[in-house]
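Under our numbering, the letters of the sequence shown match residues 1 to 268, in that order.
Everything on this sheet refers to the single structure shown next.
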Amino acid sequence: MDVLLLKLTMTPVLIGVSALVSRRWGPGLGGWLVAIPFTSGPITLVLSLSQGWRFAGDTAAGVLAGTGSEAIFCLAYAWAASRLSWPASLAAGAAGFAVTTLALLHLPISVAPALTVALGGVALALVLSPRSLRGSSRALADHPTGIGDIGTRMVVATGVVLLLTGAATLLGSTLTGLLSPFPVFGAVVMVSSQRLQGGGAGIAAARGLLWGLVGAALFFLVVATLLPRYGLICFAPAVVVDLLAQGATLPLARHGSPARVPSPGAAV
């Protein structure tokens with residue numbers, strides 16, 4: 001299998017499909033959907049082909065721990081979105097991710113502690129993040145994602161995969177794993193939702209992403225545990241576990257997603 005071809009095709013296809021789906025159901029479900037590891041999953045797969053199963057397994061453990069950093073990004077973004085503009089909210093989320101990642105660099109990363117960090121971070125963020133803006137309407141105007149925006153997401157996704165897999169030898173397996181969960185597409189959903197529909201939509205997107213991270217954490221738990229011993233076959237049960245978890249959390253993400261009101265002239 002040509003590793004470069006895999007990098008250039010798999011990620012943009014996955015991102016394009018996710019964007020087309022998320023444009024239909026609003027910010028909460030959009031955030032939930034992009035929690036599927038469309039970037040970090042392909043990064044781990046590519047590394048297993050180019051660097052070996054052991055290296056990729058260690059990277060998967062790093063991604064699992066980095067899911068906790070992603071949860072803190074969502075927590076910081078949601079609170080900032082309740083009071084501030086989207087640039088300030090994005091800066092707050094990025095700062096939360098950076099601080100948490102720096103803290104994790106000083107800890108030994110193995111599967112069990114990484115799982116604790118991931119699920120603990122998600123649970124903490126869900127408990128502490130605001131659920132909505134007080135006094136805001138649950139109905140949000142429909143501003144569908146444009147084709148140009150979808151194309152931009154696909155290009156950025158592919159660039160992230162190329163960058164991190166290309167620099168993996170220099171960065172090492174742990175740092176590559178910790179950086180991989182940075183929510184590039186989650187941030188796009190949060191920012192575009194807040195910019196077009198207000199802080200409440202940004203909060204809904206952040207909380208939707210948090211619910212989706214449960215499945216992502218379980219995906220990397222399976223990969224980190226099984227990949228060093230069994231190789232690429234481990235991605236099959238990992239995908240099944242992720243999809244089951246996504247299905248279980250879908251009603252929770254949908255419950256917190258504001259209803260959408262089509263804009264004049266929008267297709268229904």
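Beta carbons are placed, not taken as given, at the ideal position from N, Cα and C, and that holds for glycine.
Given the structure is predicted, the values throughout are model-derived calculations rather than measurements.
In this structure the region 185–202 lies against the region 83–93, because at least three pairs of beta carbons, one per stretch, are closer than 8 angstroms. Put simply, the backbone Cα of L49 is about 13 angstroms away from that of C234. Judged by their CB atoms, G215 and A253 are not nearer to each other than the 8 angstroms cut-off.
Measuring C-alpha to C-alpha distances from T225 to each of A245, P251, P113 identifies P113 as the nearest. Taking all protein chains in view, the Cβ of G121 is crowded by 16 or more other Cβ atoms within 10 Å, so the residue is classified as buried. Contact between the region 47–64 and the region 90–101 is absent: fewer than three C-beta pairs spanning the two stretches fall below 8 angstroms.
Assigned with DSSP and collapsed to three states, P37 falls in coil, not helix or strand. Within the same chain, Cβ atoms closer than 6 angstroms to the Cβ of M190 are found at Y77, G202, A205, A206, the five residues on either side in sequence being excluded. Apart from sequence neighbours up to five positions away, the residues of its chain that approach G57 with a beta-carbon distance below 6 angstroms are A224, L227, P228, ordered along the chain. Around the beta carbon of T116, fewer than 16 other beta carbons sit within 10 angstroms, so the residue counts as exposed. The C-beta distance from L178 to L105 rounds to 7 angstroms, short enough to meet the 8 angstroms contact threshold. An exposed status is given to A103, since fewer than 16 other beta-carbon atoms sit within 10 Å of its beta-carbon. For A71 against L210, the beta-carbon gap comes to about 6 angstroms, under 8 angstroms, which counts as contact. Only residues of its own chain outside the window of five on either side were considered, and among them A76, Y77, A80 have a CB closer than 7 angstroms to the CB of A92, listed in chain order.
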